[in-house]
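Asks:
The structure is reproduced here in structure tokens:
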């Protein structure tokens, strides 16, 4: 029998000492409780993704010192308990994404990641060399295969472990969340289990790291390809398992409710909360300030912020103008009161008029246009940033993916801020998430969800004055941005060609805005961030 502990936890990028302490402390405790094998995630020692920190010799030197310290402590404290964790490891003038297995404080086996992802948000080829051999280690008479993240998605790599006699496979991961990721992981693991008739133990990390959120969701698949254990979503957790040489024992097949993740809305909402919580706290901000408009986007952002940080760490500011409706004022106040946050109202009329007076000699007889609309947004941005500077609280921007895609946002206005929680949430999903949050407890007035969306920068303004209906817009964006469909393929979905051309042209024209936008939480396969890198200046036009 082999008693195994899978440690699903948060390992902050660059906090090498704390990460090493966590590996040591958890290993000692698990050993005292009789564990034979303790497993930690991919690059647990340094966090994921460390990006260009890997190019700094001082960073790698710190990691190596921590690695040696862990080895010494394991030698002193865990006896013959095997411990596997991920780290960057230099070998033969190359750097590898590695996993090391210690037994009796000695290196029993080193695994070098063979399949280096170089797509979407991943840049591992920039930093690491690829391993060529699979690693299988003998632990108390049991042959345990070790794979690292992308390796398990490549059948040829898995086959090499099986060829070396692996009786079960542990997979160390730093796998970021996106919608439908659970189903993809589960299908891949079950396929391998059916083909090779051995268990697969899939361990992931948790927590937010800049744009990425790691959802945990560690999975245990028995040799019958059944899901027999599943860790919590977006929380630290430990899975304790027993392997009898053939299969995982002392576990029942999970019920349908236990097998399936939460609803999409619940899972996405947890991802947003996790991303905001970890970004704000790990970057040392004393809280956040949000411009509350009475609209749906700022309402969702406020709810997420309060759930992530607590009401005492969130401040809301309503900044009305001559175009702000009474219902917007009422709804914003109701949201702030319900959620228990500090709430201020700052009129922008005097500030706006002061700008107009200063600009009058330059504008002369030029007609009123979007310049005056954007100026209002910039007045609000100045006020929010002043509050941020004075109080040490980060401004959260409230723009959604639909707006960011087509440039329906003002540079240095409503785009001001340090983090954009709903940057990858399309408008139609914003409404769904609001309704989900209200199903937990009513925090957003129903009127906010039913009134036509408007920026309130001119009389009788409505978003659909210049954009298609959001259900059409979001469908075009999903097909174009996330799925790379051509114009003809999108039109074939029954969408008006004129609308398609209009939206795609807006997307292309607003790359410069997105490049200057605050980082935001990635929840889709392709966000406007590190996984979509388009030139600002380009003569290319979609067809």
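Numbering (the numbering used here), first residue to last: 286 to 828. Think of the CB as a built atom: it goes at the ideal place given N, C-alpha and C, for glycine as much as any other residue. Model, not experiment: these values are computed from the prediction.
Should the region 491 to 502 be called in touch with the region 803 to 815, which here means at least 3 C-beta pairs below 8 Å?
Replies: Contact between the region 491 to 502 and the region 803 to 815 is present, because at least three Cβ pairs lie under 8 Å.
Asks: What separation, rounded to the nearest whole angstrom, lies between the Cα atoms of residue 337 and residue 413?
Replies: Translated into positions along the chain shown, residue 337 becomes position 52. Translated into positions along the chain shown, residue 413 becomes position 128. Cα-Cα distance, rounded: 11 Å.
Asks: Relative to the alpha-carbon of residue 422, which residue among 394, 329 and 480 has its alpha-carbon at the smallest distance?
Replies: In the chain shown, counting from the first residue as 1, residue 422 sits at position 137. It is 394 whose Cα lies nearest to the Cα of residue 422.
Asks: Let me check understanding here. Comparing Cα to Cα, which of 388, 382 and 677 lies closest to residue 416?
Replies: Along the chain shown, read from residue 1 onward, the residue named residue 416 stands at position 131. Per the Cα distances, 382.
Asks: Which ranges would you report for the beta strand (DSSP E) in the region 559 to 593 if only whole runs of at least 3 residues count?
Replies: Those beta strand (DSSP E) runs which fall completely within the region 559 to 593 and span 3+ residues are 573 to 576.
Asks: Counting only the same chain and skipping the five closest in sequence on each side, list residues whose C-beta sits under 7 Å from that of residue 450.
Replies: As a working note, residue 450 is residue 165 in the chain shown. Result list for residue 450: 421 and 428, in chain order.
Asks: When every heavy atom of the ligand ZN is checked, does at least one fall within less than 7 Å of the C-beta of residue 306?
Replies: Ligands in the displayed structure: none, and consequently the ligand ZN is not present.
Asks: In its own chain, which residues sit with a C-beta less than 7 Å from the C-beta of residue 292, not counting the 5 before and 5 after it?
Replies: On the chain shown, position 7 is the one that residue 292 refers to. Cβ within range, chain order: 311, 323, 324, 325 and 523.
Asks: Among 356, 517, 455 and 389, which residue has its Cα nearest to the Cα of residue 507?
Replies: Taking the first residue of the chain shown as position 1, residue 507 is located at position 222. The candidate whose alpha carbon is nearest that of residue 507 is 455.
Asks: Under 8 Å by Cβ, that's how I've got residue 549 and residue 464 pegged, so tell me the actual separation to the nearest angstrom.
Replies: Residue numbering aside, residue 549 sits at position 264 when the chain shown is read from its first letter. Residue numbering aside, residue 464 sits at position 179 when the chain shown is read from its first letter. Rounded, the Cβ-Cβ distance is 6 Å, consistent with contact.
Asks: Is residue 557 near residue 572, with beta carbons less than 8 Å apart?
Replies: Translated into the one-based positions of the chain shown, residue 557 becomes position 272. Translated into the one-based positions of the chain shown, residue 572 becomes position 287. Not a contact, by the Cβ cut-off of 8 Å.
Asks: Under DSSP, the beta strand (DSSP E) around residue 479 begins and ends at which residues?
Replies: Taking the first residue of the chain shown as 1, we reach residue 479 at position 194. Careful: residue 479 lies outside any beta strand (DSSP E), inside the alpha helix (DSSP H) at 466 to 481.
Asks: Taking the C-alpha atoms as reference points, what is the distance between residue 517 and residue 334?
Replies: Working through the chain shown from its first residue, we reach residue 517 at position 232. Working through the chain shown from its first residue, we reach residue 334 at position 49. Roughly 22 Å between the two C-alpha positions.
Asks: Counting pairs of beta carbons, one from the region 785 to 805 and one from the region 718 to 725, are three or more of them closer than 8 Å?
Replies: No: the two stretches stay apart, fewer than three of their Cβ pairs being nearer than 8 Å.
Asks: Using DSSP bridges, identify the partner residues of residue 491.
Replies: Residue numbering aside, residue 491 sits at position 206 when the chain shown is read from its first letter. 500, per the DSSP bridge assignment.
Asks: Which residue's Cα is closest to the Cα of residue 551: 819, 604, 716 and 301?
Replies: Position 266 of the chain shown holds residue 551. Comparing Cα positions, the closest option is 716.
Asks: Quick one: grab the DSSP three-state call for residue 507.
Replies: Taking the chain shown and counting its residues from 1, the one referred to as residue 507 is at position 222. If DSSP states are grouped into helix, strand and coil, residue 507 belongs with coil.
Asks: Suppose you measure from the CA of residue 737 to the CA of residue 458; what does that come to, to the nearest Å?
Replies: Against the chain shown, residue 737 aligns to sequence position 452. Against the chain shown, residue 458 aligns to sequence position 173. If I take the Cα positions, the gap works out to 43 Å.
Asks: Considering residue 786, what are the terminal residues of the beta strand (DSSP E) in which it resides?
Replies: Counted from its first residue, the chain shown places residue 786 at position 501. No beta strand (DSSP E) holds residue 786; the alpha helix (DSSP H) holding it covers 782 to 794.
Asks: Could you give the distance in angstroms between the alpha-carbon of residue 605 and the alpha-carbon of residue 817?
Replies: Along the chain shown, read from residue 1 onward, the residue named residue 605 stands at position 320. Along the chain shown, read from residue 1 onward, the residue named residue 817 stands at position 532. Between residue 605 and residue 817, the C-alpha separation is close to 35 Å.
Asks: Quick one: what does DSSP say residue 602 is sitting in, helix, strand or coil?
Replies: Here the question's residue 602 lines up with position 317 in the chain shown. Correct three-state label for residue 602: strand.
Asks: Taking only three categories from DSSP, how would you classify residue 423?
Replies: Taking the first residue of the chain shown as 1, we reach residue 423 at position 138. It is a strand residue.
Asks: Taking the alpha helix (DSSP H) that residue 733 falls in, what are its first and last residues?
Replies: For the purposes of this step, residue 733 is identified with residue 448 of the chain shown, where counting begins at 1. Counting along the chain, the alpha helix (DSSP H) containing residue 733 begins and ends at 731 to 735.
Asks: Between which two residues does the beta strand (DSSP E) harbouring residue 630 extend?
Replies: On the chain shown, residue 630 is found 345 positions in, with the first residue counted as 1. Note, residue 630: beta strand (DSSP E), 627 to 630.
Asks: What residue does the alpha helix (DSSP H) around residue 658 start on, and which one ends it?
Replies: Locating residue 658 in the chain shown gives position 373, counting from the first residue. First-last of the alpha helix (DSSP H) with residue 658: 655 to 676.
Asks: Would you report the Cα separation of residue 700 and residue 502, rounded to the nearest angstrom?
Replies: Here residue 700 refers to the residue found at position 415 when the chain shown is read from its first residue. Here residue 502 refers to the residue found at position 217 when the chain shown is read from its first residue. Looking at the two C-alpha atoms, the distance is approximately 33 Å.
Asks: Taking C-alpha atoms, which residue in 504, 424 and 626 lies nearest to residue 590?
Replies: Residue numbering aside, residue 590 sits at position 305 when the chain shown is read from its first letter. The shortest Cα separation from residue 590 among 504, 424 and 626 belongs to 626.
Asks: Report the CB separation of residue 368 from residue 387 in whole angstroms; it is logged as a contact under 8 Å.
Replies: Taking the chain shown and counting its residues from 1, one reaches residue 368 at position 83. Taking the chain shown and counting its residues from 1, one reaches residue 387 at position 102. Indeed they touch by this definition, with Cβ atoms about 5 Å apart.
Asks: Would you call the CB atoms of residue 835 and residue 813 closer than 8 Å?
Replies: Since the first and last residues shown for the chain are 286 and 828, residue 835 lies out of range.
Asks: Going by DSSP in three states, residue 515 sits in which element: helix, strand or coil?
Replies: Stepping through the chain shown from its first residue, residue 515 is reached at position 230. Here residue 515 sits in strand by DSSP.
Asks: What would DSSP say about residue 711, mapped onto helix, strand or coil?
Replies: Sequence index remark: in the chain shown, residue 711 carries index 426 (1-based). In this structure, residue 711 counts as coil in the three-state DSSP scheme.
Asks: Would residue 703 and residue 588 be called neighbours here (beta carbons separated by less than 8 Å)?
Replies: Mapped onto the chain shown, residue 703 falls at position 418. Mapped onto the chain shown, residue 588 falls at position 303. Going by C-beta atoms, residue 703 is not nearer than 8 Å to residue 588.
Asks: Near residue 640, what residues of its chain come up, given a Cβ to Cβ distance below 6 Å and the 5 sequence neighbours on each side ignored?
Replies: Walking along the chain shown from the start, residue 640 turns up at place 355. Cβ neighbours of residue 640 beyond the five flanking positions: 660.
Asks: Among the residues of its own chain, which have a CB less than 7 Å from the CB of residue 691, if the five just before and after it don't count?
Replies: If you number the chain shown from 1, residue 691 lands on position 406. Correct list, in chain order: 752, 788, 791, 792 and 795.
Asks: Can you tell me whether residue 555 is buried or exposed? The criterion is at least 16 other CB atoms within 10 Å of its CB, across all chains shown.
Replies: Translated into positions along the chain shown, residue 555 becomes position 270. So residue 555 counts as buried.
Asks: Let me make sure I understand the geometry here. Which of 707, 669, 709 and 708 has the alpha-carbon closest to that of residue 697?
Replies: The count along the chain shown starts at 1 and reaches residue 697 at position 412. Nearest C-alpha to residue 697: 669.
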